[in-house]
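To start, the structure under review is shown below, and the notes come after it.
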Amino acid sequence: MLPVPLDKPGNLDAGLKVMEDWAFNATLSDEQINKERGVVLEELRLGLGADKRMADKYLPKLLYKSQYADRLPIGKKTCWKTSNPM
Numbered sequence: 001m002l003p004v005p006l007d008k009p010g011n012l013d014a015g016l017k018v019m020e021d022w023a024f025n026a027t028l029s030d031e032q033i034n035k036e037r038g039v040v041l042e043e044l045r046l047g048l049g050a051d052k053r054m055a056d057k058y059l060p061k062l063l064y065k066s067q068y069a070d071r072l073p074i075g076k077k078t079c080w081k082t083s084n085p086m
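Heads up: the sequence shown begins at 1 in this note's numbering, then just goes up one per residue.
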């Protein structure tokens, strides 16, 4: 989320440019990804439990034919154990 004050002309354009950079122009080195690997794995571990087991059942139906039906944006644990998190 990017709060953008709209009281000055040009703020909206600047805010949209920042969001475009975040979405399409971000580059992460292997070193940066490896530094985050432990954090992501911990987030995955903390997400285990009854809620996760229920979501595993209903999300494929709710998100039918969507990439999110197979995996959430955080990815799968097996992908984060390798050098390529995607």
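Virtual Cβ for every residue (Gly too), placed ideally from N, Cα, C.
- How big is the Cα-Cα spacing for Asn25 and Lys35? 20 Å
message = If you follow the alpha helix (DSSP H) that Thr27 is in, where does it begin and where does it stop?
response = Segment: none, Thr27 is in no alpha helix (DSSP H) and carries neither H nor E.
Next on the checklist: Just to confirm before moving on: does the CB-CB distance between Ala50 and Leu59 stay below 9 Å?
Outcome noted: The answer is no: Cβ separation not under 9 Å.
Report task. Measure the beta-carbon distance from Asn11 to Pro3 and round it to whole angstroms, keeping in mind my assumption that it falls under 8 Å. Result -> Not a contact, Cβ separation roughly 10 Å.
*asked:* Can you tell me where the alpha helix (DSSP H) holding Asp51 begins and where it ends?
replied: 50-62 is the span of the alpha helix (DSSP H), which, as asked, contains Asp51.
Exposed unless 16 or more other CB atoms sit within 10 angstroms - verdict on Trp22: exposed
Query - Limits of the unbroken alpha helix (DSSP H) element including Asp7 - result: Looking at the DSSP string, Asp7 is not in any alpha helix (DSSP H), and its letter there is neither H nor E.
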